[in-house]
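K.L.:
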Amino acid sequence: MLNKSDVKKLPNILGQLLLLTIVIFGCFALNKQVHATIVQQPLEATQKRNINQTVGYTITNEPSILQISDKKVSYYYLATRQKQEFTVYIDILNGAHKNTFDISVNTGVTNRNLSVDYGTPLSQNTGVAVVAPFEFEKIVGVDTTKYGVEKNSRTTVTVPADTRARVPVTIHMPKKHYNGIMSGGISVLKENQQVNAKSTLQNQYAYVKGLVLQHGTADIQPQLDYGSLKTIAKDYQPKTIVTINNSTLVNIEHVSMSGTITNKLNQVISKVNVQDGEISPAAKIPVEFVWSKKNFKNGHYKMHLQLNDQNNHRWAFTRDFTVTNRQKILKAAQYHAPINRLLVLLVSVIVLLIAICVWLLVKNHQKKD
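Numbering follows this note's numbering, in which position 131 of the sequence shown is assigned residue number 129; successive positions increment by one, without gaps.
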């Protein structure tokens, strides 16, 4: 038999048991969220007003309980564990016309201007991870169970007019432990964007949502290391490309970079200068020194490069190098206009027709004689 004091304690005991049950199931749900599918629903009036009318769609990211920083920010910065599996959700708010969207996941890489690119596939980018424990493309995926189609390592989703598509993005954390962060982006690109017929350039607008995965501690001192130096022809110009590696899993912010190439008379031949840049974790940075063709000569040169960040970390690199193949590089840097095959074919047909007409006229004239 329960006495009165025991009866009074029952609500507290039951409440504690209920809370413990919720925590246990919540932890299990964090570690294992599978079989999420794309869900499509008609847009609400407030959602229609948020659409970017210029491009006809907008994307938003739903908050995650794993978010470390302010949950109101427009990107994901998530605390993760080894072998953890979880899902985040990207909402595509489509406008007045039916559209098809390409969704891809890309590792963040740093370009020559110290800008981090989250929208370009790793295979198409000059910056590549050098010490990363994994690539985003291999652990992050979009579920295509419903509405989605896999196409060339991308997920293609067709969304009717005035409809919201809730797209699940599932992360499978690797078994390998690491300290620091890895960063990437979820890119959403509308297919068949109109191109200006008067321009040879095709500008396509895509939304990219940042995805940062922190594992272990993020309190790591950044370290930049020298990688390589080579002088080549690129973009129709002689260039000396110096590779610098971020050998740590930390994002280096507010970076200033300055560098020079001098000849044996200590004259500055080429220089670079970048202010307020950023370097992504495990990035390989292609620093480009551009030569003028007039000053590009065989000889001995010295490269000096210095980088500083907002926390007064400093890195300096100096290398002596020699240019011996000037003529070969200048020849490779020459611009060769692309051959218009259609124009060549058209001219060939016209010449052939003229030749046939001349031949017929001569033949007819000979018959009359």
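Quick reminder that beta carbons are idealized off the backbone N, C-alpha and C, glycines included.
Treat the numbers as computed from the prediction; the structure is a model and nothing was measured.
Can you tell me where the beta strand (DSSP E) with Leu105 in it begins and where it stops?
P.N.:
Here the sequence assigns Thr to residue 105, which means Leu is not the residue at that position. Element bounds for Thr105: Asn97 to Thr105.
K.L.:
Use the C-beta contact count for Gln212: other C-beta atoms within 10 angstroms, 16 or more gives buried, fewer gives exposed.
P.N.:
Gln212 is buried by the Cβ-count criterion.
K.L.:
Look at the alpha carbon of Cys355 and the alpha carbon of Gln332, and state the distance between them as a whole number of angstroms.
P.N.:
Distance between the alpha carbons of Cys355 and Gln332: 41 Å.
K.L.:
Just the Cα atoms here: how many angstroms apart are Ser254 and Leu263?
P.N.:
Straight-line Cα distance between these residues: approximately 27 Å.
K.L.:
Would DSSP call Val347 helix, strand or coil?
P.N.:
It is helical.
K.L.:
For Asn97 versus Lys188, is the C-beta spacing smaller than 8 Å?
P.N.:
Contact flag set, yes.
K.L.:
Rounded to the nearest angstrom, how far is the Cβ of Ile184 from that of Ile63, given a contact under 8 Å?
P.N.:
Rounded, the Cβ-Cβ distance is 18 Å, inconsistent with contact.
K.L.:
Starting from the C-beta of Leu112, find all residues in its chain whose C-beta is less than 8 Å away, skip the five residues before and the five after it, and write them out in chain order.
P.N.:
Cβ within range, chain order: Val253, Met255, Val272, Gly275, Glu276, Ile277 and Ile283.
K.L.:
Cβ of Ser72 within 8 Å of Cβ of Asn59?
P.N.:
Yes, Cβ-Cβ distance for Ser72 and Asn59 is below 8 Å.
K.L.:
What's the gap between the Cα of Val157 and the Cα of Tyr205?
P.N.:
In a straight line, the C-alpha of Val157 is about 16 Å away from that of Tyr205.
K.L.:
Here's the rule I'm using: 16 or more other beta-carbon atoms within 10 Å means buried, otherwise exposed. How should Gln39 be labelled?
P.N.:
Burial call: exposed.
K.L.:
What does DSSP give as the partner residues of Leu227 in its beta bridges?
P.N.:
Val240.
K.L.:
From the DSSP output, in three-state form, read off Leu41 for me.
P.N.:
Coil.
K.L.:
Can you give the beta carbon distance from Glu133 to Thr153, rounded, assuming they're within the 8 Å contact cut?
P.N.:
With a Cβ gap of about 17 Å, Glu133 and Thr153 do not count as contacting.
K.L.:
Could you tell me the alpha carbon to alpha carbon distance between Leu358 and Val342, rounded to whole angstroms?
P.N.:
One C-alpha to the other measures close to 24 Å.
K.L.:
Excluding the 5 residues preceding and the 5 following Ile57 in the sequence, name in chain order all residues of the same chain whose CB lies nearer than 8 Å to its CB.
P.N.:
Result list for Ile57: Ile88, Asp89, Ile90, Leu91, Val186, Tyr205 and Lys207, in chain order.
K.L.:
Scan the region 246 to 306 and note each continuous beta strand (DSSP E) run of 3 residues or more that stays entirely inside, going in chain order.
P.N.:
Those beta strand (DSSP E) runs which fall completely within the region 246 to 306 and span 3+ residues are 250 to 260, 266 to 277, 282 to 288 and 297 to 306.
K.L.:
Which residues in the same chain have their Cβ closer than 8 Å to the Cβ of Leu350, if we skip the five residues on either side of it in sequence?
P.N.:
So the list is empty, once near-sequence residues are dropped.
K.L.:
Between Ile327, Arg324, Asn323 and Leu303, which lies nearest to Ala314 when the distance is taken from Cα to Cα?
P.N.:
Out of Ile327, Arg324, Asn323 and Leu303, Leu303 has the C-alpha closest to the C-alpha of Ala314.
K.L.:
Given a threshold of 16 other Cβ atoms within 10 Å of its Cβ, counted over all protein chains shown, does Pro220 qualify as buried or as exposed?
P.N.:
Pro220 is buried by the Cβ-count criterion.
K.L.:
Shortest alpha-carbon distance to Glu286 belongs to which of Phe294, Gly178 and Thr258?
P.N.:
Checking every option, the nearest Cα to that of Glu286 belongs to Thr258.
K.L.:
What first and last residue would you give for the beta strand (DSSP E) that runs through Ala204?
P.N.:
It spans Ala204 to His213 - the beta strand (DSSP E) in which Ala204 sits, taken as one unbroken run.
K.L.:
Look up Arg110 in the DSSP assignment and say whether it is helix, strand or coil.
P.N.:
It is coil, neither helix nor strand.
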